[in-house]
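Enquirer: If you're matching them up, the sequences are chains A and B in order.
So for the first sequence, the working numbering puts the first residue at 1; every next one is plus one.
So for the second sequence, the working numbering puts the first residue at 1; every next one is plus one.
Ideal Cβ placement from N, Cα and C applies to all residues, glycine included.
This one's a predicted model, so the numbers in the text were calculated from it and none came from an experiment.
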Amino acid sequence: MEDAVWKAVQEQCPDAHQVDLLIALPSFNHASTIGSVLKAILAGLNASFANASILIVNADVGSQDGTPDIVKQTVGALVPVAVIQPLGEGSSASPFALNRLSYSGMPGREEAFKSFFVLTQRLQAKACAVIDANMRSVTAEWMSLLVKPVLESGADYVAPVFRRPRYEGSLTNNLIAPLTRSLYGKRVGCQVGGGYGFSPKMASTLFQKKFLWEGEAARFAIDSWLTTVAVAEGFQVWQARLGAKVQDHKAGAADVATSLVQAVGASYHYMEHYQDVWEKPTGSSAVPEVGKPMETEVEATPIHVERMMKGFRQGLRDLLPIWEVILAPETLAGVLALGLKDDEDFRYPLALWVQTVYDFAVAYHEKVIHREHLLRSLMPLYLGRTSSVVLETRGGGPEMVQHTVEQGCQTFEAMKPYLVDRWRFQ
Amino acid sequence: MSEMWQEAMIAAFREMMNRAVLFLPKLMAMVTFLAVGWLVKLLLMHILKVVRFEVFCERMGLTSALAKGGVKQRMSDLIGRFSFWVVFLFFAFMGVDALDLPATANLMSAILGFLPHVIAAILVGLLGILLANFSGEAVLIAAVNAQIQGARFMANMVRWGIIIFTGAMVLTQLGIAKEIVVAAFSIIFGGIVLAMAIAVGLGGRTIAKEALERRLRREKAGDEFTHI
Numbered sequence: 001m002e003d004a005v006w007k008a009v010q011e012q013c014p015d016a017h018q019v020d021l022l023i024a025l026p027s028f029n030h031a032s033t034i035g036s037v038l039k040a041i042l043a044g045l046n047a048s049f050a051n052a053s054i055l056i057v058n059a060d061v062g063s064q065d066g067t068p069d070i071v072k073q074t075v076g077a078l079v080p081v082a083v084i085q086p087l088g089e090g091s092s093a094s095p096f097a098l099n100r101l102s103y104s105g106m107p108g109r110e111e112a113f114k115s116f117f118v119l120t121q122r123l124q125a126k127a128c129a130v131i132d133a134n135m136r137s138v139t140a141e142w143m144s145l146l147v148k149p150v151l152e153s154g155a156d157y158v159a160p161v162f163r164r165p166r167y168e169g170s171l172t173n174n175l176i177a178p179l180t181r182s183l184y185g186k187r188v189g190c191q192v193g194g195g196y197g198f199s200p201k202m203a204s205t206l207f208q209k210k211f212l213w214e215g216e217a218a219r220f221a222i223d224s225w226l227t228t229v230a231v232a233e234g235f236q237v238w239q240a241r242l243g244a245k246v247q248d249h250k251a252g253a254a255d256v257a258t259s260l261v262q263a264v265g266a267s268y269h270y271m272e273h274y275q276d277v278w279e280k281p282t283g284s285s286a287v288p289e290v291g292k293p294m295e296t297e298v299e300a301t302p303i304h305v306e307r308m309m310k311g312f313r314q315g316l317r318d319l320l321p322i323w324e325v326i327l328a329p330e331t332l333a334g335v336l337a338l339g340l341k342d343d344e345d346f347r348y349p350l351a352l353w354v355q356t357v358y359d360f361a362v363a364y365h366e367k368v369i370h371r372e373h374l375l376r377s378l379m380p381l382y383l384g385r386t387s388s389v390v391l392e393t394r395g396g397g398p399e400m401v402q403h404t405v406e407q408g409c410q411t412f413e414a415m416k417p418y419l420v421d422r423w424r425f426q
Numbered sequence: 001m002s003e004m005w006q007e008a009m010i011a012a013f014r015e016m017m018n019r020a021v022l023f024l025p026k027l028m029a030m031v032t033f034l035a036v037g038w039l040v041k042l043l044l045m046h047i048l049k050v051v052r053f054e055v056f057c058e059r060m061g062l063t064s065a066l067a068k069g070g071v072k073q074r075m076s077d078l079i080g081r082f083s084f085w086v087v088f089l090f091f092a093f094m095g096v097d098a099l100d101l102p103a104t105a106n107l108m109s110a111i112l113g114f115l116p117h118v119i120a121a122i123l124v125g126l127l128g129i130l131l132a133n134f135s136g137e138a139v140l141i142a143a144v145n146a147q148i149q150g151a152r153f154m155a156n157m158v159r160w161g162i163i164i165f166t167g168a169m170v171l172t173q174l175g176i177a178k179e180i181v182v183a184a185f186s187i188i189f190g191g192i193v194l195a196m197a198i199a200v201g202l203g204g205r206t207i208a209k210e211a212l213e214r215r216l217r218r219e220k221a222g223d224e225f226t227h228i
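1) Quick check: the segment 359-377 of chain A against the segment 277-284 of chain A, are at least 3 beta-carbon pairs closer than 8 Å?
2) Please report the distance separating the alpha-carbon of residue 44 of chain B from that of residue 337 of chain A.
3) Are the CB atoms of residue 160 of chain A and residue 197 of chain A within a distance shorter than 7 Å?
4) So, with DSSP's three-state summary, where would you put residue 74 of chain B?
5) Use the C-beta contact count for residue 286 of chain A: other C-beta atoms within 10 angstroms, 16 or more gives buried, fewer gives exposed.
6) Within 7 Å (strictly less), CB to CB, does residue 256 of chain A reach chain B?
7) Buried or exposed: residue 106 of chain B, going by 16 or more other Cβ atoms within 10 Å of its Cβ?
8) According to DSSP, is residue 248 of chain A part of a helix, a strand, or is it coil?
9) For residue 381 of chain A, which residues from the same chain have a beta carbon less than 6 Å from its beta carbon, with the 5 sequence-adjacent residues on both sides left out?
10) Compute the Euclidean distance between the alpha carbons of residue 401 of chain A and residue 224 of chain A, then round it to the nearest angstrom.
11) May I have the straight-line CA-CA distance separating residue 13 of chain B from residue 22 of chain B, to the nearest angstrom?
12) Where does residue 326 of chain A land, buried or exposed, given buried means 16+ other C-beta within 10 angstroms?
13) Since residue 59 of chain A is in the beta strand (DSSP E), which residue starts that stretch and which ends it?
14) Looking at C-beta atoms only, is the number of pairs between the segment 171-188 of chain B and the segment 117-135 of chain B that lie closer than 8 Å three or more?
15) Would you mind working out which of A:302, A:164, A:354 sits nearest residue 407 of chain A, comparing C-alpha positions?
16) Would you call the segment 254-271 of chain A and the segment 313-333 of chain A in contact, with 3 or more CB pairs under 8 Å?
17) Between the segment 144-173 of chain B and chain A, which residues of the former have a C-beta closer than 9 Å to a C-beta of the latter?
18) Name, please, each residue of chain B whose Cβ falls closer than 7 Å to the Cβ of residue 192 of chain A.
19) As a quick exercise: from A:412, A:171, A:389, A:115, pick the residue whose alpha carbon is nearest that of residue 7 of chain A.
20) Does residue 230 of chain B get closer than 7 Å to chain A when you measure Cβ to Cβ?
21) Chain B partners of residue 310 of chain A, CB-CB under 8 Å?
22) Using the Cα positions of residue 174 of chain A and residue 207 of chain A, report the straight-line distance between them to the nearest angstrom.
23) Which residues in chain A sit within 7 Å of residue 138 of chain B, going by Cβ to Cβ distance?
24) Is residue 46 of chain A closer than 7 Å to residue 27 of chain A when the C-beta atoms are compared?
25) Is residue 6 of chain B buried or exposed, if buried means 16 or more other CB atoms sit within 10 Å of its CB?
26) Output, in chain order, the set of chain B residues within a Cβ distance shorter than 7 Å of residue 167 of chain A.
27) Are the beta-carbon atoms of residue 314 of chain A and residue 144 of chain B separated by less than 7 Å?
28) Assign residue 96 of chain A to buried or exposed, taking buried as 16 or more other Cβ atoms, counted over all protein chains shown, within 10 Å of its Cβ.
29) What is the rounded straight-line gap between the Cα of residue 61 of chain A and the Cα of residue 69 of chain A?
30) Buried or exposed: which applies to residue 323 of chain A, given that a residue is buried once 16 or more other Cβ atoms fall within 10 Å of its Cβ?
31) Smallest Cα separation from residue 47 of chain B: which of B:33, B:79, B:24?
32) Check each residue of the segment 313-325 of chain A: if its Cβ is closer than 9 Å to any Cβ of chain B, include it; give the result in chain order.
33) Note down, in chain order, each residue of its chain lying with its Cβ closer than 6 Å to the Cβ of residue 312 of chain A, except the 5 sequence neighbours on either side.
34) What number of angstroms, rounded off, separates the C-alpha of residue 244 of chain A from the C-alpha of residue 137 of chain A?
35) Is residue 68 of chain A helix, strand or coil by DSSP?
Here's what the structure looks like:
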């Protein structure tokens, strides 16, 4: 695959042997947005990196709407541009993978990223920025925010942070980010998609470590595990405040359970690989950030918890035999007690939620049941906790939600010994 | 007269002794086979313990699958007991065959001829139970996450459907009342499908129509925010 990608770039840009910046765009039927994304990128490059040698690479996974043509037309002769097919000519994604897209909604996204890492290495690029082609909110400033920390401050990985309404990214805020923080000791937002910045060191490590790409969790959830792997490998992680995130495909809206399986599955999957790393750290430290400070917004439409509560209660009724196998007896007792509460008085205590997440991690490690079943059976419990957060905070402002999320992170950290003990001695 | 009687007695005794001399090695062979069978069983159980077969069974869901089927013993105990009886019977039949009795002639070859069917039936049964429980669990979780009220009913339908199918395959494999099994299975399976078709066609027509419309139009009762 590496040679095919390199050959394709060489054929289209014979002079591109070494560049300063590699700008990469994974795409799949993004004709409606990729033009404006490229214009913002070009403006950003012109403003901040006018003297740098640049190559724009579009990894297209089989668009039928002329996306690659729009890329070539928009960029024109301003910057060398190459269109590659990460899966190779004439090949296609496995039919079994069609329902297993990353929650970005793009097939072959993992292969596209792999291609970018190969090219960063081969072109000896000093930095690589990946921008999603479906973003409507890309501004010229993004280039500087994602690339400058790598070129000027020694960052290896620049993760995106977006301005969002207070309950947006509930799974990330209540599970993924606190878990990552407690495990690896870095306060990262774990937000996904939009744009990333990579150093050549990070790109080559990601490409060379084959185990990172192995397993179900790794194959379909690259957005989930990039940050996890970056902090676990000890890379210099930065965060770029990119403003609002407006995209064509609303990630996670199609199937929450699949998003949960991919995101939580990736976290649990890499816990097994990085056990030596996460067992040690206690406490956490902030990572550097660039960009203007952002305010959390209040949601435009009120959040109704009835549907989520219904999901939780149905899980309690129907999935109990499965939870009995997964959860520790005291956790199960706590969860069962929640069923007795009325909707308005419903509260899923934070400590119980943390215990739940840790019990699921141990059960995943122990393979007590099929792993996908295990992850999917977490869904009603997650809905229960999310309902509880909304009920607890809906009277307050965005600060109250942030405070609850921070409390969650601290509880995850404080209860880490529970996880370590159970992980080691289960 | 007394000489005749004496000779007859001696001849009978000789005959009996000759027969005993001929039979004794065969008896010894049978006892040896049984002893070897016992030793093989002990060795097998020891190997299962060393390779932590019980833990493997728990991870593969065999223990819980059996528990769901009402079997409370540990998997390694069951395998140990089963292997003992297989080995014991195998060697016992070899021993009986070794006696060379007219009544048991060709017993061993008949049993050996049937053994592949038994092994195949056991494997089919085991795989069927695993598949039934796996599929039942998958359907249950998916239905709960989709907030379908009859989740448990759907899961049980799938599980018992596969178990009935497996049962029919096992009996066919063993050659037990083949025709009756095929006919009974066809009637039950066809009946279930027909009942479902009638239920959906008459009782749930509107619901099915709405569900299909929602699906085709991709209308979903989504949450007001994204989770990732």
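Expert: Straight from the coordinates:
1) Touching, no.
2) Each residue's Cα considered, the two are about 46 Å apart.
3) The beta carbons of residue 197 of chain A and residue 160 of chain A sit no closer together than 7 Å.
4) Three-state DSSP puts residue 74 of chain B in coil, outside helix and strand.
5) Residue 286 of chain A counts as exposed, since fewer than 16 other beta carbons sit within 10 angstroms of its beta carbon.
6) Yes, residue 256 of chain A counts as interfacial toward chain B.
7) When all chains shown are included, residue 106 of chain B counts as exposed.
8) It is coil, neither helix nor strand.
9) Closer than 6 Å at the Cβ level, and outside the excluded window around residue 381 of chain A, lie 356.
10) Near 23 Å, if we compare the C-alpha coordinates of residue 224 of chain A and residue 401 of chain A.
11) Cα to Cα, residue 13 of chain B sits roughly 14 Å from residue 22 of chain B.
12) If you draw a 10 Å sphere on the C-beta of residue 326 of chain A, you find 16 or more other C-beta atoms in it, and that means buried.
13) First-last of the beta strand (DSSP E) with residue 59 of chain A: 54-60.
14) As far as the Cβ criterion goes, the segment 171-188 of chain B touches the segment 117-135 of chain B, which means the pair count is three or higher.
15) Among A:302, A:164, A:354, the Cα nearest to that of residue 407 of chain A belongs to A:354.
16) They do not touch, by the three-pair rule.
17) For the segment 144-173 of chain B, the beta-carbon criterion of a distance under 9 Å to any beta-carbon of chain A is satisfied by 144, 145, 146, 147, 148, 149, 151, 152, 155.
18) Against residue 192 of chain A, the close residues of chain B are 228, in the order they occur along the chain (beta-carbon pairs closer than 7 Å).
19) Of the listed residues, the one whose Cα sits closest to residue 7 of chain A is A:115.
20) Beyond the ends of chain B as shown, which are 1 and 228, falls residue 230 of chain B; an answer cannot be given.
21) Neighbours of residue 310 of chain A on chain B, chain order: 147.
22) Between residue 174 of chain A and residue 207 of chain A, the C-alpha separation is close to 30 Å.
23) The answer, in chain order, is 373.
24) No, the pair does not count as a contact, with Cβ atoms beyond the cut-off.
25) Counting of Cβ neighbours within 10 angstroms places residue 6 of chain B among the exposed residues, the total staying below 16.
26) Correct list: 225.
27) The Cβ-Cβ distance between residue 314 of chain A and residue 144 of chain B falls below 7 Å.
28) For residue 96 of chain A, the predicted model reports a pLDDT of 47, less than 50, meaning its position is unreliable; a value from the coordinates is still stated below. Counting Cβ neighbours within 10 Å, residue 96 of chain A comes out exposed, since fewer than 16 surround it.
29) Cα-Cα distance, rounded: 14 Å.
30) Residue 323 of chain A comes out buried.
31) Among B:33, B:79, B:24, the Cα nearest to that of residue 47 of chain B is on B:79.
32) Under the 9 Å Cβ criterion, the segment 313-325 of chain A contributes 314, 315, 317, 318, 319, 321, 322, 325.
33) In the same chain as residue 312 of chain A, and ignoring 5 residues on each side of it, the C-beta atoms closer than 6 Å to its own belong to 380, 383, 384, in chain order.
34) Going from the Cα of residue 244 of chain A to the Cα of residue 137 of chain A covers about 7 Å.
35) Residue 68 of chain A falls in the helix class under three-state DSSP.
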